[in-house]
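Below is one structure, written out as structure tokens; the observations come after it.
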Amino acid sequence: MAAAISHSALVSGQSHHWDAKNSGFQKRMGNVRLVSAGSCYSDNQRARLVCASGAQSSMLQPVQLPSSGDRSHSPKKSSESALILIRHGESLWNEKNLFTGCVDVPLTPKGVEEAIEAGKRICNIPIDMIYTSSLIRAQMTAMLAMMQHRHKKIPIIMHNESEQAHRWSQIYSEETLKQSIPVITAWQLNERMYGELQGLNKQETADRFGKEQVHEWRRSYDIPPPNGESLEMCAERAVAYFKEQVSS
1 MAAAISHSAL
11 VSGQSHHWDA
21 KNSGFQKRMG
31 NVRLVSAGSC
41 YSDNQRARLV
51 CASGAQSSML
61 QPVQLPSSGD
71 RSHSPKKSSE
81 SALILIRHGE
91 SLWNEKNLFT
101 GCVDVPLTPK
111 GVEEAIEAGK
121 RICNIPIDMI
131 YTSSLIRAQM
141 TAMLAMMQHR
151 HKKIPIIMHN
161 ESEQAHRWSQ
171 IYSEETLKQS
181 IPVITAWQLN
191 ERMYGELQGL
201 NKQETADRFG
211 KEQVHEWRRS
221 YDIPPPNGES
231 LEMCAERAVA
241 YFKEQVSS
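First residue of the sequence shown? That's 1 in UniProt numbering, and the numbers climb one at a time after it.
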């Protein structure tokens, strides 16, 4: 999912900060630069972390951004934000070579290590907002990554599914809010739904239906697997969410 968006793009967007009085967010307009783990950013710039559930476990190659010591990049441009994209670590079904899709399975010990390593790569980038899919493998990746951050802020999952859930999860300490990072979960960031392939072994499926047919289901843009989502259908919901919630 995350790999579907160019990591070198510069898009118009917004960042968010806590509104302590309302325990909510206010939008701050600016520019959002898409980067991957491993880039350097100065302290006066802010980043949002997106952990999506992709079709496979991998990390984007680092994009080298100017450090605070680069005079050609003015540190006064605090309206510019970084958007960090992290793929989830290895899941239990990745390990078993199964089609996972929207089945909610956790990380393996290796996946935990991968999430921790990703966190180390972004530990010096200020982060004030986190978006993840609704799947536990993406949420585990985000939480484990943020445990490595030098600012030691606490990621807190926001529960806005109902008025009661929102009310019950309110934070009333302004100081605590300053030490927290809101985590927004969204099903629109989930991995594509693989339909009748979910839970099947990838090699056995290729042996049964043929490599060309399985390759078409997995890699064609507009051809979905049986009763599943095509990449086009998946992109429609993910890109729409990005435009409406992250960059609009």
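The beta-carbon is built from N, C-alpha and C at its ideal position, and this holds for glycine as well.
query, result
"From the DSSP secondary-structure annotation, give me the bridge partner or partners of P182.", "I156"
"Report the rounded CA-to-CA distance for V214 versus S91, giving the unit in angstroms.", "21 Å"
"Between N190 and the rest of its own chain, which residues show a CB-CB distance below 7 Å, the 5 nearest in sequence each way excluded?", "S53, C102, S133, S134 and L135"
"Tell me which residue opens and which closes the beta strand (DSSP E) that R192 is part of.", "Run containing R192: none; DSSP gives neither H nor E here."
"Would DSSP call E216 helix, strand or coil?", "helix"
"For A9, does the count of other Cβ atoms within 10 angstroms reach 16, so buried, or fall short, so exposed?", "Only weak support exists for where A9 lies, its pLDDT of 24 falling under 50; the coordinates are left without a value."
"Give a yes or no on contact between the region 164 to 180 and the region 113 to 131, applying the rule of three or more CB pairs nearer than 8 Å.", "no"
"Roughly how many angstroms lie between the CA atoms of Q179 and G89, to the nearest whole one?", "26 Å"
"In the DSSP assignment, what residue or residues form a beta bridge with M147?", "Paired residues: none, contrary to the question."
"Considering Cα atoms alone, identify which of T108, D104 and A145 is closest to L85.", "A145"
"Tell me S91's beta-bridge partners as DSSP assigns them.", "L107"
"Excluding the 5 residues preceding and the 5 following K202 in the sequence, name in chain order all residues of the same chain whose CB lies nearer than 8 Å to its CB.", "N97, L98, F99 and V214"
"Nearest CA to the CA of P182: which residue from A142, N94, R87 and P226?", "A142"
"Nearest to P126 by alpha carbon, out of R87, M158 and L83?", "L83"
"So which of E244, S162 and L177 has the shortest CA-CA distance to K152?", "L177"
"Rounded to a whole number of angstroms, what is the C-alpha to C-alpha distance between Q45 and M129?", "With a pLDDT of 44 at Q45, under the threshold of 50, the modelled position of that residue is not reliable, and the figure given next carries that caveat. Using only the alpha carbons, I get a separation of about 13 Å."
"L135 by DSSP, collapsed to three states: which one?", "coil"
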